[in-house]
Amino acid sequence: MNRLKTLIALLAFTSFAFGNCKPAHKGEKISDLVLYYLLFLALSNGSEENCSFSPSSNDPLYGDEWHLKNIGQFGGTVGEDANVSPLWDQDISGNRVIVSVVDDGLDIKHEDLVQNISVTARGLNLLNGTIYPTHSYSNSFHGSAVGGVIAARGGNNLGVRGAAPCSKLVGVNILEKSTIYTSDEYRAMVNESARVSISNNSWGSPDNYGWLWPSSALWQQGVNEGISKGKSGKGTVYVWAAGNGAFRNTIASPLLFDNANYDGQANYYGVMAIGGIGQNGKKAAYSESGANLWVVAHTQGNDATAYTTAISTTDATGANGLNVGGSSGDYSLGNYTKKFNGTSSATPLAAGVVALLIGKYPDLTWRDVRELVAYSARKNDASDVDWSLNSAGLNINHKYGFGAVDAVSLLTKAKTWIPITAGLITYTASALSPNTSIPDNDLVTGATVNYNISSPISYIEYVDVEFTSNHTYFPELRIEITSPSGTKSVLSEPHYCVNPYNNTTCSSGNTSIASMTGSSTYRFGVARHLGENPNGIWVLKVYDASATDTGQINSVQLRIYGR
């Protein structure tokens, strides 16, 4: 298509697409049109810009980005960071890797992002039906903050620097919608997936409720299509925030609420769930633990005064977004903020590190990437008592997954990696229906189900556990499963909960699995058995932590992914 035809097509599309657009000011349409005209001219050339990045060049706020290079500037542990700078020195910067930011929009005109907006992948705004993902509301900022952690342009004498400062971004605005339909979730997962190497998702089920939130069939379909067809058939890598709801502060003390395994998106086979650690390498109190957790990355931790150890990144331009210009101790320039935190900021840090990997080794499949991330993860907070080894020799921890993302270790591991060529096998075992009673108020004996697996798989990549129970108060149950080789995974633990529909404390007798999910069956995900052989006896144990409510284990079913 020549440039004239491109412009005609773009003008025709724009006159239709802006029917429901809400510009921030009268001239907004024209500026977006000009920008996207330039992008589509580049699109006609069929490739992304070849970015050149000099690590020694200046980004004024880079010194505040301890998560990229921790020299103890805010009192943290020197070297406790994502370890990306040695790769930049080798000219590894995520060049030509496209990362989708699925969020509340992406400021495509931001001074520190505009050069790294993809010219070959179109954005998607599910709020107004256009290809322009920019925030529609003045207080939206989250997606732009995420984008900056991944791909703020490096060496341009502006603001901050992303972990992969030459990677490219494509925005999907889904979170500004007041009602998000399952069809929206599907479209968000598959948008431009043929070009997208990584999909960053710093969102998910509501936090601080202790509720079980299944994922929709359409969302699962979107992820399945992405991992099977995305990135030109190599598969899109989906990273997902593990959640910030581990503890809710009360007058007396913080109380345990959420586990990452209660989120049916974060515990899905096709994603890597990312938790958060602070500048001392320890778990941020809010970061959710879980047997589904893949790895952790850096964000604001527990040793903070106000926002002194939060993450510096891009904000929505000017007076929009989180920082309206020097407010509440933030930067004087409103295009940036130093108050980004949560697993929302840990997840794009992991995505940026993965972008460095894919930029260097573009032929890796999504299965290669996730295993490389696991096998190269660093054992952080080494004194934590939950660390153990699975039978494949991997470090595992319910708080940290396989450990902390480390860019140098990841790229080093990739040098000798043998690509996975064996096809993926999904083995669904026959369901057991034991109808075993769960002893009331008993954390010692519990109920036991032995589950014999005989499958064609000898190497586990992931495990699903589908659990059905008529117990009348799910939050008091502790559920564990132990593999044939002896690796134990905790799927659920006794916790508090709040009803999200009326914001009242859950009460005994009205919070069964069915009431929390709409079904008496819930699926848990388990990452911790990576590399193990699944064949033999799996042991499921269920304990009841308090009196009165009772029930049974009605059925259990294992689904094993592997080769």
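Numbering (mature numbering (1 follows the signal peptide of the UniProt record, and there is no 0)), first residue to last: -26 to -1, 1 to 537. By construction, the Cβ of each residue, glycine as well, lies at the ideal position given by its N, Cα and C atoms.
Helix, strand or coil, according to DSSP, for residue i in the structure here?
{"i": "residue 574", "result": "Shown here, the chain extends from -26 to 537; a query on residue 574 therefore has no answer."}
{"i": "Thr156", "result": "helix"}
{"i": "Ile487", "result": "helix"}
{"i": "Trp391", "result": "coil"}
{"i": "Leu504", "result": "coil"}
{"i": "Asn235", "result": "helix"}
{"i": "Val164", "result": "helix"}
{"i": "Val146", "result": "strand"}
{"i": "Asn198", "result": "helix"}
{"i": "Ala95", "result": "coil"}
{"i": "Leu7", "result": "Low local confidence applies: a pLDDT of 49 at Leu7 is under 50, so the model's placement there is unreliable, and no value is given."}
{"i": "Ile431", "result": "coil"}
{"i": "Gly122", "result": "helix"}
{"i": "Gly103", "result": "coil"}
{"i": "Gly303", "result": "helix"}
{"i": "residue 544", "result": "The first residue shown for the chain is -26 and the last is 537, placing residue 544 beyond what the model contains."}
{"i": "Asp78", "result": "strand"}
{"i": "Ala280", "result": "coil"}
{"i": "Leu465", "result": "strand"}
{"i": "Thr479", "result": "strand"}
{"i": "Thr386", "result": "helix"}
{"i": "Ala378", "result": "strand"}
{"i": "Lys257", "result": "strand"}
{"i": "residue 553", "result": "Since the displayed the chain opens at -26 and closes at 537, residue 553 lies outside it and no answer follows."}
{"i": "Asn(-25)", "result": "Note on Asn(-25): pLDDT 35, under 50, position unreliable in the model; no value is reported."}
{"i": "Leu406", "result": "strand"}
{"i": "Ser31", "result": "coil"}
{"i": "Ser411", "result": "strand"}
{"i": "His(-2)", "result": "For His(-2), the predicted structure reports a pLDDT of 33, less than 50, and the residue's modelled location is therefore unreliable. A value from the coordinates is still provided. Residue state, collapsed to three classes: coil."}
So who's on the other strand from residue i, going by DSSP bridges?
{"i": "Glu54", "result": "Beta-bridge pairing links Glu54 to no other residue."}
{"i": "Asp518", "result": "Asp416, Leu451"}
{"i": "Asp86", "result": "Paired residues: none, contrary to the question."}
{"i": "Arg222", "result": "Leu229"}
{"i": "Val439", "result": "Phe498, Leu532"}
{"i": "Phe272", "result": "Correcting the residue identity first, residue 272 is His in this sequence and not Phe. Note: His272 sits in a beta bridge opposite Ile251."}
{"i": "Gly244", "result": "Gly244 is not bridged to any residue."}
{"i": "Trp187", "result": "Asp237"}
{"i": "Val423", "result": "Leu514"}
{"i": "Thr456", "result": "Lys462, Val513"}
{"i": "Asn371", "result": "Gly375"}
{"i": "Val73", "result": "Leu143, Ile172"}
{"i": "residue 590", "result": "The requested residue 590 is not part of the displayed model; the chain covers only -26 to 537."}
Please state whether the Cβ-Cβ distance between residue i and residue j is less than 8 angstroms.
{"i": "Ser110", "j": "Gly79", "result": "yes"}
{"i": "Tyr160", "j": "Gln195", "result": "yes"}
{"i": "Tyr212", "j": "Ser173", "result": "yes"}
{"i": "Ala162", "j": "Val75", "result": "no"}
{"i": "Ile72", "j": "Ala95", "result": "yes"}
{"i": "Tyr281", "j": "Gly133", "result": "no"}
{"i": "Val269", "j": "Ala351", "result": "yes"}
{"i": "Ile399", "j": "Ile431", "result": "yes"}
{"i": "Ser92", "j": "Leu143", "result": "yes"}
{"i": "Asn424", "j": "Gly525", "result": "no"}
{"i": "Asp51", "j": "Asn44", "result": "Checking the sequence, you will find Thr at residue 51 rather than Asp. Result yes, Cβ atoms of Thr51 and Asn44 sit closer than 8 angstroms."}
{"i": "Ile251", "j": "Thr317", "result": "no"}
If I follow the unbroken alpha helix (DSSP H) through residue i, where does it start and stop?
{"i": "Val328", "result": "317 to 334"}
{"i": "Val343", "result": "340 to 350"}
{"i": "Ser112", "result": "Per DSSP, Ser112 belongs to no alpha helix (DSSP H) and is neither H nor E."}
{"i": "Leu61", "result": "59 to 62"}
Could you check where the beta strand (DSSP E) with residue i kicks off and where it finishes?
{"i": "Ile45", "result": "First-last for Ile45: undefined, no H or E at that position."}
{"i": "Ser286", "result": "285 to 288"}
{"i": "Lys312", "result": "310 to 314"}
{"i": "Thr400", "result": "399 to 402"}
{"i": "Ser213", "result": "Checking the displayed sequence, the identity of residue 213 turns out to be Val instead of Ser. Unbroken beta strand (DSSP E) run through Val213: 211 to 215."}
{"i": "Ser173", "result": "172 to 175"}
Using 8 angstroms as the limit for Cβ to Cβ distance, is residue i near chain B?
{"i": "Glu22", "result": "This model lacks chain B altogether, as it is built from one protein chain only."}
**Asked** Touching or not, the segment 135 to 144 and the segment 313 to 331, by the rule of three or more beta carbon pairs under 8 angstroms?
**Response** Touching, yes.
**Request:** Count the CB pairs spanning the segment 229 to 245 and the segment 281 to 297 that are closer than 8 angstroms, and state whether there are at least three.
**Result:** By the C-beta criterion, the segment 229 to 245 is judged not to be in contact with the segment 281 to 297, since fewer than 3 inter-stretch pairs fall below 8 angstroms.
**Cβ contact (3+ pairs, closer than 8 angstroms) linking the segment 506 to 525 and the segment 404 to 416** = Short answer: they touch.
**Request:** Answer yes if the segment 187 to 201 comes into contact with the segment 215 to 223, meaning at least three C-beta pairs across the two stretches below 8 angstroms, and no otherwise.
**Result:** no
**Prompt:** Any contact of the segment 377 to 390 with the segment 495 to 505, i.e. 3+ C-beta pairs under 8 angstroms?
**Reply:** no
**Request:** Would you be able to state if there are at least three C-beta pairs under 8 angstroms between the segment 458 to 478 and the segment 230 to 237?
**Result:** yes
**Prompt:** Three or more beta-carbon pairs under 8 angstroms between the segment 196 to 211 and the segment 330 to 345, yes or no?
**Reply:** With a cut-off of 8 angstroms on Cβ pairs, the segment 196 to 211 is in contact with the segment 330 to 345, counting three or more such pairs.
**Cβ pair count under 8 angstroms reaching 3, the segment 293 to 309 against the segment 105 to 120** = yes
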